[in-house]
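J.: In our numbering, the protein residues as written are 4 to 198. This is the structure I have questions about; it appears just below.
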Ligand SMILES: [Zn+2]
């Protein structure tokens, strides 16, 4: 274990942190850089902790990452997905609800990848503030789905929150009338992360 106690409480916001530079526009399913939560770690964290197999949609109730999402968020996602289907766009869930244990595992991978807690913090939050752990955030793909949400998500109260995470959506019901709030450049600018 190379992760110190001080780091353990810091949790990853988005798993899609590794390859933001290379997007594959027509990938039919999930193109997630960190998709092997059962890799070289003890404990074999799996679907029960929020790991998402390929091809999961917002309608897959049997997947804990979907089933444990906030009901209002999930309802909005399903309405939006139905609307998107009319445009031949299909939403896939790259990540949704996650257990704290799964977040910690993603954190270890992030710190290892970025080489410092400071740089990883652009993509991480504390255990108390992680919107994925609390079930109020979802990472959607592929790119045609996020493009559709960018244009239509506000109609369903679904908003991008961070400029550096175009796949990360949360429910902002007031967006239906007023549009989505301004983006934060990255999670370090989010007041919810200041703990
Ligand atoms: Zn996210």
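All C-beta atoms, glycine included, are put in the ideal place defined by N, C-alpha and C.
If you drop the 5 nearest sequence neighbours on each side, which residues of the same chain put their C-beta closer than 6 Å to that of residue 70?
T.: Within the chain shown, numbered from 1, the residue matching residue 70 stands at position 67. 64, listed in sequence order.
J.: Would you mind working out which of 164, 118, 176 sits nearest residue 135, comparing C-alpha positions?
T.: Numbered from its first residue, the chain shown carries residue 135 at position 132. Considering only alpha carbons, the answer is 164.
J.: Can you tell me which of 173, 156, 183 puts its alpha carbon nearest to the alpha carbon of residue 85?
T.: The residue you call residue 85 lines up with position 82 of the chain shown. When only C-alpha atoms are compared, the closest one is 156.
J.: I'd like to check one pair, residue 170 with residue 138: are the Cβ atoms closer than 7 Å?
T.: Taking the chain shown and counting its residues from 1, the one referred to as residue 138 is at position 135. Taking the chain shown and counting its residues from 1, the one referred to as residue 170 is at position 167. No, these two residues do not count as a Cβ contact at 7 Å.
J.: Out of curiosity, what's the CA-to-CA distance linking residue 118 and residue 111?
T.: Here residue 118 refers to the residue found at position 115 of the chain shown. Here residue 111 refers to the residue found at position 108 of the chain shown. Rounded to the nearest angstrom, the two C-alpha atoms are 10 Å apart.
J.: Using the rule of at least 16 other Cβ atoms within 10 Å of the residue's Cβ for burial, across every protein chain shown, is residue 185 buried or exposed?
T.: Locating residue 185 in the chain shown gives position 182, where the first residue counts as 1. Answer is exposed; the Cβ neighbour count stays below 16.
J.: Shorter than 6 Å, the distance from the beta carbon of residue 140 to the closest heavy atom of ligand 1, or not?
T.: As a working note, residue 140 is residue 137 in the chain shown. For ligand 1, at least one heavy atom lies less than 6 Å from the Cβ of residue 140.
J.: Between residue 171 and ligand 1, is there a pair consisting of the residue's CB and a ligand heavy atom that are separated by less than 6 Å?
T.: Indexing the chain shown from 1 puts residue 171 at position 168. The answer is yes for residue 171.
J.: Looking only at its own chain, which residues have a Cβ that is under 6 Å from the Cβ of residue 80, when we skip the five neighbours before and after it?
T.: As a first step, residue 80 is located in the chain shown; it is residue number 77 there, counting from the start. Within the same chain, residue 80 has close Cβ partners 61.
J.: Apart from the five residues just before and just after residue 56, which ones in its own chain have a Cβ nearer than 8 Å to its Cβ?
T.: Position 53 of the chain shown, counted from the start, is the residue given in the question as residue 56. These residues qualify, in order along the chain: 50, 66.
J.: Near residue 166, what residues of its chain come up, given a Cβ to Cβ distance below 8 Å and the 5 sequence neighbours on each side ignored?
T.: Indexing the chain shown from 1 puts residue 166 at position 163. Cβ neighbours of residue 166 beyond the five flanking positions: 186, 187, 188, 189.
J.: Kindly indicate which three-state DSSP category residue 163 falls into: helix, strand or coil?
T.: As a first step, residue 163 is located in the chain shown; it is residue number 160 there, counting from the start. Strand, per DSSP.
J.: I need the straight-line Cα distance from residue 148 to residue 107, nearest angstrom please.
T.: Numbered from 1 along the chain shown, position 145 holds the residue referred to as residue 148. Numbered from 1 along the chain shown, position 104 holds the residue referred to as residue 107. Distance between the alpha carbons of residue 148 and residue 107: 28 Å.
J.: Output the distance between the C-alpha atoms of residue 161 and residue 103, rounded to the nearest integer angstrom.
T.: Numbered from 1 along the chain shown, position 158 holds the residue referred to as residue 161. Numbered from 1 along the chain shown, position 100 holds the residue referred to as residue 103. Taking the straight line joining both Cα atoms gives about 24 Å.
J.: Taking 7 Å as the cut-off, decide whether the C-beta atoms of residue 175 and residue 132 are in contact.
T.: For the purposes of this step, residue 175 is taken as the residue at position 172 of the chain shown. For the purposes of this step, residue 132 is taken as the residue at position 129 of the chain shown. Against a cut-off of 7 Å, the Cβ pair of residue 132 and residue 175 comes out as no contact.
J.: Unbroken alpha helix (DSSP H) runs of length 4 or more, entirely within the region 132 to 179: which are they?
T.: Listed in chain order, the complete alpha helix (DSSP H) runs (minimum 4 residues) inside the region 132 to 179 are 146 to 155.
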